Amino acid sequence: MVSLFRQLVWDGTVPIAIKLAPTSLPTSSDRLLDTYYIQAPRISYLPLLIPEIRKNMCDLVMDENAAAAVREEDWWFETENGGVMKWHWPIGLLYDAHMVTAFAAESYFPTSSSTLAAPMTLLLHLTNPPTDKLLMTPSLDTLKSSFMSQSKEADFLRWGSTRRMTSLRKAEQDGLWDGIREHNFDNFWKVASKTFPHPNPSSPSLGSTPPTPNPDGSGAGTTNDAYAVRSVPIRLFLPDSPALQDLYPPLMDNGVHATLGDLLSSHLPLLFPGGKSSQNINLHGAYIVVQGIEPPLDAEIGWLGASLAGADGWVNVCIGLRT
Amino acid sequence: MPEIPDDPAMFSDPQLSGTRITVEEHIVYSPTFQVPAFYFTASDSSGAPLPLPQVIRSTLFHLPLPLSTLSIHQHTVDLPGTSSDLPDPDPDPAPLPLLTQGEHPTTGRACWYIHPCETSAAVKELLDHRAAPIIEGWEVEWLRVWFVILGRVIYLRSS
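Residue numbers (the UniProt record's numbering), protein chains in the order written: chain G, 1 to 323; chain V, 1 to 159.
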């Protein structure tokens, strides 16, 4: 069951419409090719799309001299209302965060099944990146080290140490990133299954006392048990705000599996008032998006951490408002 | 969330032909590692961010290790990796990050930061060596030791 959701997350894509910023094009360019559409994997990153964009768009609209002079390290993307796209955020997060902000007054989700998801329009600039807002140059090395850093943070949150990640051989660590670069599910999960948690079928049920995890994370004979982690790596994104991050244990004090509803009502009580009667019903208009879907509020966060996390181990929850 | 931005400090390194750099320092709580972390930006006189190899060689740093032992990349500085104590250690162990580029947790700006993953252990080690156990005010003592450790790597002005 976990593999099914991991496959779904891996295969998830979002539509992006890329337009060249008018100021970026030399006057000798062909301006008939207006927009390049791409269906981008959610777990991938913008710099990994650059070769495709270059080949199918830039090289076609520019003459040879202009195309040869282009420096990919100066490229940067922004939304139509000026939001600079971060290199190190997974594309799925960029899309969800953008959509909940851009459509704050309407529902994120199409009302009829025949309506396709709206593409996120990005303006591509080829020069003068805003160096205070963007991590410097989207080189593959920087991106890889940022990905590894996020993965280790997730590892640390779960187990209180980064041992699972750091004890991977360098070839295995490289294998994780190569799996993302090549978009190869099997190669990625061959290594990731050693570090990601599993929702163990023998996890404590409602009302029973959970086994105490040992300091190194192994406990009760189960390793990588999703319900034995110290904290599930979750970040909450409100529109135009820094990410909210805290400790989110998968079990409540009484051993009951913590749900999304529990987490949201304790951390954002004004948006998500608590109480059993408000599970799945939100009268205040706030809604959540994870991997492009609106999960039920009684989804268990331990399970989310194992099944719906991004490739870097983080469950990114975007919060929006309906009118 | 404790955040203590310092005033921008001016440093000059004669080896960089009198280049003046502007450094802005922040101490920010890391929600993942649950310790304070040291974040900073460094820019030249035109306001452009300083490349990492220049940053690490500036007078902002006085490192306990020779520069030659560090892996200085475009956006990270790594300490040499140590072989694990597994029965079959990797002959090419992965390096540990010392200095990395990242997003400031509240401003979202691009900053350098000292990786906080080893902070807790380092502070604990020094605290454990104290003659008498501290009971009251241990948080302040913890922070003092944190500054001692930071001061081993970063030039901290005394005032």
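Just so you know, even glycine gets a beta-carbon here, dropped at the ideal spot from N, CA and C. Note that this is a predicted model, so its numbers are computed, not measured.
Length of the line joining the Cα atoms of residue i and residue j
i                      : j      : result
V:C111                 : G:T166 : 24 Å
G:G285                 : G:Q173 : 42 Å
G:S146                 : G:L268 : 29 Å
G:Q245                 : V:H104 : 13 Å
G:S265                 : V:V145 : 37 Å
V:D44                  : V:P51  : 10 Å
V:L60                  : V:I154 : 6 Å
G:V61                  : G:W189 : 39 Å
G:L297                 : G:F272 : 10 Å
residue 348 of chain G : V:P116 : Shown here, chain G extends from 1 to 323; a query on residue 348 of chain G therefore has no answer.
V:S58                  : G:D34  : 46 Å
V:H26                  : G:N56  : 43 Å
G:V229                 : G:L270 : 28 Å
G:S112                 : G:S3   : Summary for G:S112: the model assigns pLDDT 48, below 50, so the residue's position carries little reliability; its value from the coordinates is reported in the next sentence. Taking the straight line joining both Cα atoms gives about 29 Å.
G:V70                  : G:M148 : 29 Å
V:S68                  : G:P197 : 38 Å
V:R130                 : V:L143 : 15 Å
G:D155                 : G:N65  : 47 Å
G:S241                 : V:T107 : 9 Å
V:L156                 : G:N187 : 46 Å
G:P90                  : V:R152 : 36 Å
G:R322                 : G:P22  : 34 Å
V:A122                 : G:A68  : 50 Å
V:H62                  : V:L79  : 15 Å
residue 365 of chain G : V:D128 : Since the first residue shown for chain G is 1 and the last is 323, residue 365 of chain G is missing from the structure and cannot be characterised.
residue 325 of chain G : G:L263 : Since the first and last residues shown for chain G are 1 and 323, residue 325 of chain G lies out of range.
V:L65                  : G:G12  : 45 Å
G:G274                 : G:A299 : 15 Å
V:L98                  : V:I114 : 6 Å
CB contact flag (residue i, residue j, <9 Å)
i                      : j      : result
G:L157                 : G:S231 : yes
G:T121                 : G:A40  : no
residue 324 of chain G : G:L140 : In the structure displayed, chain G extends from 1 to 323; residue 324 of chain G sits before or after that span and is not available.
G:P249                 : G:D225 : no
G:G255                 : G:S151 : no
G:G292                 : G:R6   : no
G:T101                 : G:P295 : no
V:A42                  : V:V23  : yes
G:T195                 : G:L168 : yes
V:Q74                  : V:I21  : no
G:P138                 : G:E52  : no
G:L123                 : G:E80  : yes
G:Y287                 : G:G320 : yes
V:S49                  : G:D74  : Reading off the sequence shown, one finds Pro at residue 49 of chain V, where the question assumed Ser. It is not a contact, given that the beta carbons lie outside the stated cut-off.
G:E78                  : V:F33  : no
G:C58                  : G:L20  : yes
Neighbourhood of residue i by C-beta distance below 8 Å, restricted to the same chain and skipping five residues each side
i      : result
G:P130 : W76 and V84
G:V315 : V232, P233, I234, R235, V290, I301, L304, G305, L308 and A309
G:S24  : L124, H125, L126 and T127
V:V148 : L126
G:R135 : First, the amino acid is wrong: residue 135 of chain G is Leu here, not Arg. Result list for G:L135: K86, W87, H88, T142 and S146, in chain order.
G:I50  : E72, W75 and P138
Closer than 8 Å: residue i CB and nearest the ligand FMN heavy atom
i     : result
G:E72 : This structure simply doesn't include the ligand FMN, nor any ligand for that matter.
Own chain, CB closer than 6 Å to residue i, minus 5 neighbours either side, in chain order
i      : result
G:I38  : I16
G:A243 : R235 and F237
G:M252 : A258
G:A97  : F237 and C318
G:V191 : E172, G175 and L176
G:M1   : none
G:R163 : none
V:L70  : V77
V:G137 : none
Own chain partners of residue i with C-beta closer than 7 Å, once the 5 adjacent residues on each side are dropped
i      : result
G:K170 : none
G:W10  : I43 and F185
G:R181 : L48
G:Y95  : V14 and M120
Cβ of residue i within 9 Å of any chain C Cβ
i     : result
V:H73 : No chain C appears in the structure shown, which is made up of the protein chains G and V.
Within 7 Å of chain V by C-beta, residues of the UniProt domain "Autophagy protein ATG5 UblB" (232-319) of chain G in sequence order: Result list: P242, Q245 and D246.
Beta strand (DSSP E) segments (min. 3 residues) lying fully within the stretch 3-44 of chain G: 13-20 and 35-41
Short-range partners of chain V found in the stretch 129-160 of chain G, where Cβ spacing is below 9 Å: T131, D132, K133, L134, L135, M136, T137, S139, D141, T142, S145, S146, M148, S149, K152, E153, A154, F156 and L157
Positions along the stretch 158-192 of chain G whose CB lies within less than 7 Å of some CB in chain V: T162, T166, S167, R169, K170 and Q173
Every unbroken beta strand (DSSP E) within the stretch 247-301 of chain G, with a cutoff of 3 residues, ordered by chain: Counting only runs of 3 or more, we get 286-289.
Cβ-based contacts, 7 Å cut-off: residues of the stretch 107-130 of chain V near chain G: G108, R109, A110 and C117
Unbroken stretches of the alpha helix (DSSP H), 4 residues or longer, contained in the stretch 52-132 of chain G: 64-69 and 91-102
Short-range partners of chain G found in the stretch 39-64 of chain V, where Cβ spacing is below 7 Å: A48 and P49
Residues in the stretch 134-149 of chain V having any Cβ partner in chain G nearer than 9 Å: none
Every unbroken beta strand (DSSP E) inside the stretch 23-90 of chain V [3 residues or more]: 35-43 and 76-79
Residues of the stretch 21-33 of chain V with Cβ closer than 7 Å to any Cβ of chain G, in chain order: Flagged, chain order: P31, T32 and F33.
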